[in-house]
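Q:
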Amino acid sequence: VPEAVTERWSAAYNRGKIFIHGASEATANAYRRQFQQDLAGFLRWRSQEMKSGGCMFLVCLGRTSTVPSDQGGAGLLFGTHFEDAWNDLVVE
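For the sequence shown, this note's numbering assigns the number 6 to the initial residue and increments by one for each residue that follows.
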């Protein structure tokens, strides 16, 4: 959780909410920046763990909406397309 959303003086303060739905643009930006920092750190540490020439399989979900709290249709992705692609890899 970004520190800015928990501090009352911050423009990103989320007023005791536990989700970003209906939050201000400053709150959404605070979460976006936190995500960017977290993902960069995750990839940096995984790069240290990887064997030379190795590969990593990542699934990164996106959304068609610009609304930060929109959960999109991830069920469809994992329920059909992702499973089909994974099965094709296993068969190979």
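Even glycine gets a Cβ: it sits at the ideal position worked out from N, Cα and C.
Between the alpha carbons of THR32 and ARG38, how many angstroms are there, rounded?
A: Looking at the two C-alpha atoms, the distance is approximately 10 Å.
Q: With DSSP collapsed to three states, give me the class of HIS26.
A: If DSSP states are grouped into helix, strand and coil, HIS26 belongs with coil.
Q: Starting from TRP91, trace the alpha helix (DSSP H) in both directions and tell me its first and last residue.
A: Segment 87-96, the alpha helix (DSSP H) holding TRP91.
Q: Go ahead and label ALA16 buried or exposed: buried means 16 or more other beta carbons lie within 10 angstroms of its beta carbon, across all protein chains shown.
A: ALA16 comes out exposed.
Q: Any idea what DSSP makes of ARG20, helix, strand or coil?
A: Three-state result, ARG20: coil.
Q: Smallest Cα separation from LEU63: which of LEU44, GLN53 and THR71?
A: The shortest Cα separation from LEU63 among LEU44, GLN53 and THR71 belongs to LEU44.
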